[in-house]
Amino acid sequence: MSALLDVRDLSRHYGALRAVDGVSFELAAGDVRALIGPNGAGKSTLFKMLMGETRPNSGEVYFGGARITGLRPARIVRRGIGRTFQITGTWASMSVAENVQTACLAHDGRTLSILPYARHLHRERAEALLDTVGLADQADRPAAVLAYGDLKRLELAIALAGEPRLLLMDEPTAGMAATERTDLMETVTRIARETGMTILFTEHDMDVVFAHAERVMVLDRGALIAEGTPEEVRADARVREVYLGVGLDPEALADA
Amino acid sequence: MGPILAQILTGLANAGALFMVASGLSLIFGVTRIVNFAHGSFYMLGAYIGWTLMQVLPGSFGFWSAILLAGIAVGAIGAFVEIVILRRVYAAPELFQLVATFGVILIVQDLALMIWGPQDLLGPRAPGLRGVVRILGEPVPKYDLALIAITPLVALALWALITRTRFGILVRAATQDREMVGALGVNQRWLFTGTFALGCALAGLGGALQLPKGGADLLMDFTILTSVFVVVVVGGMGSLPGAYLASVLISVVGVFGVTFLPQSTLALTFVVMVAVLMWRPFGLLGREEVAGEMGQVGPPEDPIRPAGWPVRVGVALALVVLAALPLYGSGFAVILATDILIFCLFAASLHFLLGQAGLVSFGHAAFYGGGAYAAALLVRHAGAPMELALLLAPLSAGLLALGIGFVALRASGVYFAMLTLAFAQLLWSLVWQGGAFTGGSDGLVGIWPARWADPNAIFYLLTFALCVGGILMLRHAAHAPFGYALRAARDNAPRAAASGLDVRRLQWAAFTFAGAMAGLAGGLFVFAKGSVFPNELEIARSFDALIVVFLGGVKTLSGGWVGGAVFEAGVDWLTRFEYWRLTLGLVVLFIVTIAPQGIVGTARAFWARVQR
Amino acid sequence: MLRRTFAALTVSAISTIAAPLVAQDGEAIRIGEINHFKRMAAFAEPYRKGYEMAVEEVNAAGGIDGRPIEVIFRDDQGEPGEAIRIAEELMTREGTVMITGSILSNVGLAISSLADRQGWVYLASEPLADALVWSEGNPWTFRLRASTYMQAAMLAEEAAKTDAIRYATIAPNYAYGNDAVAAFKEVLTELKPEVEFVVEQWPQLFQIDAGAEVQALERAKPDAIYNVTFGPDLAKFVREGGDRGLFDGREVFGLLSGEPEYLEPLGPEAPEGWVVTGYPWYAFDDRPNAEFVSAYETRWDETPKNGSLVGYMTGLSVAAALREADSLEPDAIRAAFEGLSVTGPVGEVIYREIDNQATMGAFVGTTAVEDGQGVMVDWSYRDGADYLPDDETVSERRPSE
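Residue numbers (UniProt numbering), protein chains in the order written: chain W, 1 to 256; chain L, 1 to 612; chain S, 1 to 401.
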């Protein structure tokens with residue numbers, strides 16, 4: 001069976017800056033993989049290219065065997081890729097349930113309809129998804145008043161509403177308390193196991209990475225420098241050098 | 001060679017006053033994010049004050065100090081306006097401040113009339129600069145040469161101020177990142193006051209400097225405003241070099257347009273503007289706008305709910321009472337109510353665009369007037385019956401919006417707003433110069449309702465059905481998947497796109513929908529008045545709708561029509577008084593300062609407090 | 001049907017309220033005046049003063065069969081849509097018997113269309129558009145002031161007497177400008193077929209780029225220039241043209257340029273030697289004109305403008321029509337206006353039956369500067385009746401009748 005996601009020699013340059021430089025990798029269905037690297041390594045740019053938000057200068061992306069490079073985000077989402085944002089993306093003027101309902105409507109492609117009351121559509125599905133992420137009791141609160149950790153959960157529910165086959169998560173636990181982090185990641189990996197969803201996430205917290213990722217990729221200055229199981233990556237000399245040398249999160253690596 | 005050079009010099013001289021006014025507007029926008037509609041009024045004040053000072057101060061020294069003093073005086077007036085009015089509304093939704101500036105326009109108009117009288121004032125000549133010098137055999141007025149020299153000097157002084165002083169560094173920082181300035185612990189209030197005063201002083205300087213080329217009159221506030229908007233947008237909002245480049249470009253193109261395409265004077269600048277923005281969506285030297293949440297700054301609105309049964313019954317009863325107006329109201333009440341209903345639908349359509357899609361249009365009159373003209377032209381040239389004309393008016397306006405939206409939505413934020421303004425002006429100039437087909441400025445007259453709808457009471461009922469139906473439809477759309485998708489795109493566009501929403505297509509659909517609804521209002525207007533004139537496409541009409549939406553409250557579902565009803569009825573009543581513009585301006589400022597969330601928003605907040 | 005009933009109801013209601021308030025002589029006859037008092041204050045204010053003065057005189061002389069005239073002045077912001085609504089209110093709620101007013105042609109046309117539909121009398125006092133009595137003319141609309149065509153024809157007649165062959169025109173880019181140029185060309189070409197029009201300039205109203213316009217005119221090397229610009233545009237045009245020598249050695253014909261509204265603001269910089277239409281209030285020695293000027297100066301403590309004369313004539317016309325009419329019904333007033341003769345400062349004016357245009361003329365003269373002020377010299381009054389096309393042409397141009 002061919003890979004679900006096949007990234008070939010993907011590059012994005014901003015002038016002389018090589019934000020992403022010739023990155024290639026594959027993801028198989030059901031993989032839970034972390035993408036780590038110091039700030040400015042190109043993780044966010046890579047995500048943006050996978051989603052079609054930024055066009056690559058060169059290289060190609062295949063998803064489910066079909067080329068998706070150059071498609072608009074909305075089209076790529078239809079193919080089955082979803083994402084969450086580093087800066088949590090929710091819709092502040094709606095209730096929690098409506099956030100998820102709207103995502104369901106978007107998934108349906110019914111968004112130009114002006115006839116039905118939207119709040120009656122997909123209510124049950126939204127409640128089920130909120131239950132999955134542990135927000136069922138807050139369904140009717142305005143999204144604007146949620147605590148930060150709950151917003152992260154809500155965004156996860158929004159992303160899941162699109163029934164993605166591949167979910168890209170940009171720092172899913174940033175800014176959360178330690179226990180919350182574990183909770184959230186366990187929820188995510190559980191869903192991945194149950195539904196066969198593939199996950200690619202970036203993360204600064206090495207505890208989270210080593211506890212939840214099956215495999216880890218390391219990006220530095222736009223290039224992939226290592227890939228392997230958590231143990232392999234932890235033992236990799238270049239990775240240690242990057243982290244210790246650059247000075248970002250060295251203690252995290254040491255602690256792990 | 002001589003004539004060409006002379007024309008370029010004329011263009012450069014014209015660019016002088018334009019640059020000063022435009023750079024002021026640009027500065028103010030860059031730092032405070034206020035789109036200062038009243039900027040033309042400060043320009044006018046500069047001219048009048050300068051004129052008065054020149055009557056008192058003698059000689060060459062007196063002349064030039066009068067210009068300088070006029071700038072300083074207008075700057076002081078600007079500071080006063082900023083401290084007394086605008087300061088109170090910075091926390092309000094973005095662009096709400098333009099309502100306040102609209103109030104200032106009205107007040108300045110009446111005050112200028114009271115102080116300086118109705119007659120045009122001829123600008124005094126600059127001592128020693130009367131007459132011409134010959135350059136390559138062509139006569140060039142000496143004062144033109146003075147202007148050509150002064151303008152770069154002012155620009156340089158401004159540049160030095162911006163790059164070499166602490167104030168300037170703050171101004172630049174604020175233009176690029178407002179939060180950062182707040183974080184630096186700078187006293188933002190005085191920075192804003194200083195910038196606003198400086199911008200106004202520049203406008204006043206421009207007004208005084210152009211005196212020897214013309215004079216002061218009561219219409220100059222509005223006549224310069226469009227050109228200034230064009231310059232600021234073409235140059236790039238917030239960019240001073242851009243403003244200089246654009247004012248030279250627009251002026252020189254204008255001069256050659258006068259010679260080679262004399263009929264083009266109306267449309268040319270707007271064609272240039274659309275062309276530049278198509279090529280560079282953020283103007284010649286502008287940067288991409290970061291603040292994307294037009295009209296939506298501040299705490300998010302509460303999730304909307306369809307009205308409960310008690311409210312619905314109440315509304316239904318109120319509608320029945322309103323529909324029965326011809327049974328108990330006077331003949332004039334019926335006519336006034338017809339006008340108000342039409343205006344409410346127009347306002348509600350813009351409100352939908354602004355509130356749901358977060359798109360601020362400065363040119364919504366294009367669709368109102370477009371629908372009106374579509375209906376009138378169908379009747380006049382195709383002999384269409386009223387029913388068909390009323391059906392095709394929204395369709396034509398919708399098609400128009402489809403076309404304009406396709407281009408305008410390439411830009412966003414203020415640039416989008418300005419593009420819609422440019423298109424509305426283009427349409428206006430097309431109609432204005434449409435000769436016998438559109439009737440030009442003499443419009444199309446004698447277009448009355450079909451025989452069955454001719455009695456005012458019947459036409460009122462028809463208007464009632466269509467306008468209330470339209471408003472309810474707009475309102476329902478907010479509760480429908482379309483409305484939710486639009487708010488998703490507005491609240492967080494990247495999140496919406498990552499959920500599979502095609503943000504641009506949604507906005508395009510909303511723009512078209514709102515345009516069609518405005519077109520319906522326009523169609524009704526034609527038959528209510530029996531005539532249509534280019535006034536219905538004017539900027540003033542677009543502004544009316546915009547003001548009303550903000551007055552009513554953007555972050556509410558009823559703001560559009562409530563604002564429309566209050567405004568239209570208020571104006572009808574106020575124009576009975578001598579100084580109605582002054583009064584209306586004060587009323588607008590009063591509402592703006594005590595109710596920055598708009599009438600509906602503030603009423604709701606008040607009600608919530610009462611309930612608690 | 002329904003509407004008429006309501007109209008009747010409101011009228012009677014207002015009458016009963018108003019009755020005790022008015023003078024012992026009888027209930028006032030109300031006239032509705034709609035104008036752009038704010039937007040065009042410089043023109044509307046003198047007009048209003050002239051109008052009020054006429055009404056005061058009429059009332060002092062006993063009014064209309066003992067009933068005084070009362071004029072209700074309303075501001076329409078220069079918006080046709082507002083003007084329509086105000087007209088409806090005046091006629092249905094305020095109990096006015098007819099409508100007067102407007103300066104802007106589009107507002108005049110809008111009111112005229114309403115008047116035709118409702119069967120109300122409208123006296124368009126100041127708007128100049130030819131369409132008002134011709135292409136869009138209707139039986140209910142009358143116009144007082146000499147139209148664009150008439151005034152242009154007066155200047156064309158003067159132009160034909162000169163040697164100029166190559167003409168340039170400059171006119172604001174809207175219906176009035178277009179009409180004024182078309183009429184001038186029509187009449188001048190008829191009188192002197194060899195003339196040619198070498199360039200037409202169309203600056204945007206009140207946004208003239210005077211320097212560029214002057215350069216464009218100069219480039220065409222015309223023998224004569226026909227100017228239609230007015231207000232601030234005229235001031236800028238005169239200044240740039242004077243500085244750059246555009247007018248040197250050329251005949252210039254200026255439509256309305258001699259009206260005090262436009263000439264006075266120019267002060268000592270008023271152009272010299274232009275042939276213009278206007279109102280030389282400072283130079284009258286004939287009795288009726290001079291008497292009006294001194295009465296006006298006494299009443300208002302300011303000198304009259306052209307609008308003052310038009311306003312005064314409006315008041316006199318309304319009074320004459322009301323006297324002539326055998327009732328206050330619109331149809332009776334309309335019938336009274338047909339062929340109505342009014343005698344005012346400029347002599348007799350007749351509202352022509354053929355097109356409802358009054359024969360009020362205009363003064364034509366040459367501009368000069370005296371005592372630091374622009375004036376008209378060598379002027380004469382031209383009777384409007386002499387500057388209208390023949391009846392056959394008029395009928396062709398007025399399809400409604």
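Where is the CB? At the ideal position from N, CA and C, for every residue including glycine.
CA-to-CA, the gap between S/GLN151 and S/VAL187 works out to about 11 Å. With fewer than 16 other beta carbons inside 10 angstroms of its own, W/GLU124 counts as exposed. Here the alpha carbon of W/PHE210 sits roughly 49 Å from the alpha carbon of W/LEU115. Of all C-beta pairs linking the segment 132-145 of chain S to the segment 353-361 of chain S, three or more are shorter than 8 Å, placing the two stretches in contact. Beta-bridge partners assigned by DSSP to S/ASN227: S/ILE170 and S/GLY254. At a cut-off of 8 Å, the C-beta of W/GLU98 has a neighbouring C-beta in chain L. Boundaries for W/GLN138: no alpha helix (DSSP H) harbours it, and the DSSP string shows neither H nor E there. At a cut-off of 8 Å between C-beta atoms, S/TYR282 does not count as an interface residue with respect to chain L. Contact of S/LYS236 with chain L by beta-carbon distance below 7 Å involves LYS213 and GLY214. One thing to note: S/TYR122 has its Cβ no nearer than 8 Å to the Cβ of S/PHE184. With respect to chain L, the C-beta atom of S/ASN227 has no partner C-beta closer than 8 Å. Here the alpha carbons of S/ASN106 and L/GLY443 stand approximately 7 Å from one another.
Across the structure, W/GLU127 and L/GLN597 are spaced so that their CA atoms are roughly 33 Å apart. Taking 9 Å as the Cβ-Cβ cut-off, the segment 107-133 of chain W approaches chain L at HIS107, ASP108, GLY109, ARG110, THR111, LEU112, SER113, ILE114, LEU115, PRO116, TYR117, ALA118, ARG119 and LEU121, given in chain order.
In the DSSP assignment, no residue is bridged to W/LEU130. In this structure, DSSP gives S/SER380 an extended state, which the three-state scheme calls strand.
In the three-state scheme derived from DSSP, where H, G and I count as helix and E and B as strand, L/ASP502 is classed as coil. Judged by DSSP secondary structure, S/ASN35 falls within the beta strand (DSSP E) whose first and last residues are 29-35.
When Cβ pairs closer than 8 Å are counted between the two stretches, the segment 82-100 of chain S is seen not to touch the segment 532-549 of chain L, the count staying below three.
Distance from the Cα of S/ARG352 is smallest, within the candidate group S/PRO345, S/GLY339 and S/GLY361, for S/GLY339. Taking a cut-off of 8 Å for Cβ pairs, the segment 355-368 of chain L and the segment 479-497 of chain L touch, as three or more such pairs fall below it. Less than 8 Å separates the beta-carbon of L/LEU557 from that of L/ILE304. Per DSSP, L/HIS39 is not a residue of any beta strand (DSSP E); the alpha helix (DSSP H) it occupies stretches across 39-56. Under the 10 Å beta carbon count, L/THR438 is surrounded by 16 or more other beta carbons and is classified as buried. When 9 Å is used as the limit between beta carbons, L/LEU336 is near these residues of chain S: ARG85, GLU88 and GLU89, in chain order.
Taking 8 Å as the CB threshold, W/ALA235 stays off the interface with chain L. Sixteen is the threshold: when 16 or more other Cβ atoms of the shown chains lie within 10 Å of the Cβ of L/TRP428, as they do, the residue is buried. For W/GLU155, the number of other beta carbons within 10 angstroms of its own is at least 16, and it is reported as buried. For S/TYR282, no beta strand (DSSP E) segment is defined, and its DSSP state is neither H nor E.
At least one CB atom of chain L sits nearer than 8 Å to the CB of W/ARG83. Going by DSSP, S/TYR122 is part of no alpha helix (DSSP H) but of the beta strand (DSSP E) stretching over 122-124. For L/GLY254, the C-beta contacts it makes with chain S under 8 Å involve ASP209 and ALA212, in order along the chain. In the three-state reduction of the DSSP assignment, W/ALA29 falls in the coil class, being assigned neither a helical nor a strand state.
Taken in chain order, the complete alpha helix (DSSP H) segments of 4 or more residues contained in the segment 5-87 of chain W are 43-51 and 73-79.
Listed by position along chain L, the residues whose Cβ is nearer than 8 Å to that of W/ILE158 are ARG495 and SER499. L/ARG134 has a beta carbon lying at 8 Å or more from every beta carbon in chain S.
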